[in-house]
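Numbering (the working numbering), first residue to last: 35 to 392.
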């Protein structure tokens, strides 16, 4: 059920999709106050009747126990999504006032849990990380076409994320066989989105056809607005790639590296435009994982930083600013976890118990 999915996941729903789902009655462009008042006058003039939620007909029957179990499993330890199912069930099956009372009771119980405090902290933290004083008043560069270098698991994931977010994509591989394999990986990722109902067949055909170009020629990147390098984690290899990008990409194109550990300043120095170079560290699989580290080098222009965050927002990522350092943020945390786990194993702890604790 779309409503139950939206309630239990908290996922963002864009205006056109909300209109399609029946959440809103109309989508307009222009000044919100002006178009809102105009719509109200239109409703008044047409004699439209009020539609109180409490008087709406009940939806089609749902297997509430099954919905609860599925949501509990998807929640991965979070208790509130599954309890939201119970609250919706009460609202559907009970008279309005009783349903409201039941919902209030569930809410009060959840307010007394440790998870409530943790989730509130996470909610505001995720929004605070992208609110950077250095970017106040800085406009990002225009983004329509995205380039990706490398069609392995990471590159294909980045390309998939960009395609699903409405960008056209040009992916570069070294050989025709590798290019064909990259196209198949992306198609496989999009096939998963098709099976889950995220896109329809027409959209799938467009994304794997007109929207996607897979090539062995760097010249195909001449019109992209941003290119992400996702090749082997070797400094010499990355410098070679950025030298080629420097030669073929248009002025103002953002040159991004997906490096996990390497020095973005050194990569930037291999080009004639270090101000256009930035690190965009995705986590695999890139079309699924939400975190994006925006690595700002010494000479990275402010509007390039803003563009990195704008891309992250467009892809539905939680973007976090990082400086140039070994492992940036996520991998440094992971390394600390791993070091502590290794010490515990050496002290005699069971690896299985350590995994279970983590």
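All C-beta atoms, glycine included, are put in the ideal place defined by N, C-alpha and C.
Since residue i is in the alpha helix (DSSP H), which residue starts that stretch and which ends it?
| i | result |
| --- | --- |
| residue 238 | 235-241 |
| residue 155 | 148-162 |
| residue 75 | 66-80 |
| residue 40 | 36-43 |
| residue 345 | 336-348 |
| residue 385 | 385-391 |
| residue 142 | 130-145 |
| residue 298 | 298-303 |
| residue 188 | 187-198 |
Going by DSSP, what residues sit across from residue i in a beta bridge?
| i | result |
| --- | --- |
| residue 247 | 204 |
| residue 180 | 203 and 260 |
Would you please state the rounded distance, in angstroms, between the beta carbons of residue i and residue j? I believe it to be under 8 Å.
| i | j | result |
| --- | --- | --- |
| residue 271 | residue 265 | 6 Å |
| residue 295 | residue 267 | 7 Å |
| residue 190 | residue 216 | 6 Å |
| residue 312 | residue 338 | 5 Å |
| residue 183 | residue 275 | 6 Å |
| residue 115 | residue 105 | 5 Å |
| residue 126 | residue 38 | That belief does not hold up - the Cβ atoms of residue 126 and residue 38 are roughly 10 Å apart, past 8 Å. |
| residue 250 | residue 220 | That pair is no contact at about 16 Å. |
| residue 354 | residue 325 | 7 Å |
| residue 269 | residue 300 | 7 Å |
| residue 74 | residue 98 | Their Cβ separation, rounded to whole angstroms, is 37 Å, which puts residue 74 and residue 98 out of contact at 8 Å. |
| residue 192 | residue 362 | That pair is no contact at about 17 Å. |
| residue 279 | residue 255 | 7 Å |
State the DSSP-derived secondary structure class of residue i, mapped to helix, strand or coil.
| i | result |
| --- | --- |
| residue 275 | helix |
| residue 113 | coil |
| residue 316 | strand |
| residue 311 | strand |
| residue 290 | strand |
| residue 57 | coil |
| residue 435 | The chain is shown only over 35 to 392; residue 435 falls outside these bounds and no answer can be derived. |
| residue 355 | strand |
| residue 224 | helix |
| residue 368 | helix |
| residue 168 | helix |
| residue 90 | coil |
| residue 376 | helix |
| residue 102 | helix |
| residue 393 | Outside the displayed span of the chain (35 to 392) sits residue 393, for which this structure offers no information. |
| residue 83 | coil |
| residue 230 | coil |
| residue 295 | coil |
| residue 125 | helix |
| residue 360 | coil |
| residue 284 | coil |
| residue 217 | helix |
Let's see if you can read the secondary structure: which residues bound the beta strand (DSSP E) around residue i?
| i | result |
| --- | --- |
| residue 327 | 325-329 |
Using a Cβ-Cβ distance under 8 Å, would residue i count as near chain D?
| i | result |
| --- | --- |
| residue 323 | Protein chains in the displayed structure number just one, and chain D is not present. |
Three-pair Cβ contact test at 8 Å for the region 217-226 versus the region 157-164: no
Three CB pairs or more closer than 8 Å across the region 104-120 and the region 147-155: yes
At least three beta-carbon pairs within less than 8 Å, the region 289-307 to the region 166-180: Taking 8 Å as the limit for Cβ pairs, the verdict is that the region 166-180 does not touch the region 289-307.
Segment contact flag, the region 374-382 with the region 340-358, C-beta cutoff 8 Å, min 3 pairs: no
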